[in-house]
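Numbering (our numbering), first residue to last: 427 to 655. All C-beta atoms, glycine included, are put in the ideal place defined by N, C-alpha and C. Since this is a predicted model, take the numbers as computed values, not measurements. First the structure, in the form of structure tokens, and then the observations on it.
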Amino acid sequence: MKNQYLEYTRYSLVLDQCFLQTIDCIQKLNGQVGTRSPSQNSNNETLDECMVCSDLKRDTIFGPCGHIATCSLCSPRVKKCLICKDQVQSRTKIEECVVCSDKKAAVLFQPCGHMCACENCASLMKKCVQCRAVVELRTPFVMCCGGKAASGNIPALQRDKDNTNINADVQKLQQQLQDIKEQTMCPVCLDRLKNMIFMCGHGTCQLCGDRMSECPICRKAIERRILLY
427 MKNQYLEYTR
437 YSLVLDQCFL
447 QTIDCIQKLN
457 GQVGTRSPSQ
467 NSNNETLDEC
477 MVCSDLKRDT
487 IFGPCGHIAT
497 CSLCSPRVKK
507 CLICKDQVQS
517 RTKIEECVVC
527 SDKKAAVLFQ
537 PCGHMCACEN
547 CASLMKKCVQ
557 CRAVVELRTP
567 FVMCCGGKAA
577 SGNIPALQRD
587 KDNTNINADV
597 QKLQQQLQDI
607 KEQTMCPVCL
617 DRLKNMIFMC
627 GHGTCQLCGD
637 RMSECPICRK
647 AIERRILLY
């Protein structure tokens with residue numbers, strides 16, 4: 427009897443721990459927001475500097491890789507991209523947004539490879555305003571410089587994929603949480619937690635257990651009840 431009591435107590439503690447861990451994971455996944463740390467912010471600030479002279483800001487796109495590594499003055503001297511080492515076949519200086527003319531173009535459209543709109547205007551476009559090609563992917567300026575994008579700047583297709591993965595993880599954890607609830611709840615009333623076990627090893631809540639003469643699971647006669655605190 428003592429062994430059954432210890433085994434059931436250990437089982438309850440494990441379930442409680444799993445229950446809390448599952449809730450914590452669900453909260454983390456539901457509240458996942460891609461915030462950037464101060465170190466990431468400082469790294470993104472240095473990404474603006476030309477990798478050759480470090481004096482001017484990067485303003486030239488290398489083709490066909492689409493990376494931005496140098497200023498327009500240093501770009502003619504670069505034969506291979508300093509980020510991916512691909513051969514540089516074209517160099518295009520980044521101009522102001524062709525839509526609002528208020529900000530500099532900062533989003534690379536793919537597959538056409540044009541950067542002609544700022545972040546605000548680019549998010550509204552389905553086709554490139556320069557060549558009219560359908561936009562399948564939007565890559566922000568910081569990613570073209572070799573950095574990491576903030577959550578709000580993740581390319582559309584990648585963001586949808588990430589959201590799908592997160593939703594699948596949340597659903598999986600919610601199912602695990604439901605399974606844990608079913609294992610720890612009283613099988614009779616389904617409202618209260620199990621806090622009473624019988625000699626057969628099965629259990630119910632105290633309110634239901636006091637009213638029974640046989641186990642609702644295995645139908646064995648209840649000889650003794652053990653209350654868990």
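- By the criterion of a C-beta distance shorter than 8 Å, Ser639 is surrounded in its chain by Ala647 and Ile648, once the five residues flanking it on both sides are discounted.
- Cys542 and Val560 do not touch by the CB rule: their CB atoms are close to 15 Å apart, not below 8 Å.
- In this structure, DSSP gives Gln515 a state outside helix and strand, which the three-state scheme calls coil.
- Taking Pro566 as reference, the option from Cys544, Cys554, Lys553 and Leu550 with the minimal CA-CA separation is Cys544.
- Burial of Lys620 is indicated by the presence of at least 16 other C-beta atoms within 10 angstroms of its C-beta.
- Assigned with DSSP and collapsed to three states, Glu521 falls in coil, not helix or strand.
- A check of alpha carbon separations from Gln632 across Arg650, Lys519 and Ile487 identifies Arg650 as the nearest.
- By the Cβ neighbour-count rule, Ala548 is buried, with 16 or more other Cβ atoms within 10 Å of its own.
- Cβ neighbours of Met625 within its own chain (closer than 6 Å, five residues either side excluded): Glu649 and Arg650.
- In this structure, Ile643 lies away from Ile623, with their beta-carbon atoms at least 8 Å apart.
- Looking at Ile509, Asp481, Lys530 and Leu482, the one whose alpha-carbon comes closest to that of Cys571 is Ile509.
- Within the same chain, Cys476, Cys479, Leu482, Lys483, Arg484, Asp485 and Thr486 come within 7 Å of Cys497 by CB-CB distance, once the 5 residues on both sides are set aside.
- Gly492 sits in coil when the DSSP states are folded into three classes, being neither helix nor strand.
- Straight-line measurement puts the Cα of Lys530 at about 16 Å from the Cα of Met551.
- Cα atoms of Pro490 and Glu562: separation of roughly 16 Å, rounded to the nearest angstrom.
- Here Leu534 has Gly492, Met541, Thr565 and Cys570 as same chain residues with Cβ atoms under 6 Å from its own Cβ, once five neighbours each way along the sequence are excluded.
- Distance check between Phe488 and each of Asp474, Gln513, Thr472 and Leu499 places Gln513 closest, using alpha-carbon atoms only.
- Gln604 and Thr610 have their C-alpha atoms some 10 Å from each other.
- Each of Asp595, Asn593, Asp636 and Gln600 was checked against the Cα of Cys612, and the nearest Cα belongs to Asp636.
- Judged by DSSP secondary structure, Met622 falls outside any alpha helix (DSSP H) and instead within the beta strand (DSSP E) spanning Met622 to Phe624.
- Within the segment 538-619, the complete alpha helix (DSSP H) segments of 4 residues or longer fall at 545-548, 567-570 and 582-610, listed in chain order.
- Each residue's CA atom was taken as its position, placing Gly629 and Val614 some 10 Å apart.
- Separation of Gln600 and Arg645 (C-alpha to C-alpha, rounded to the nearest whole angstrom) is 32 Å.
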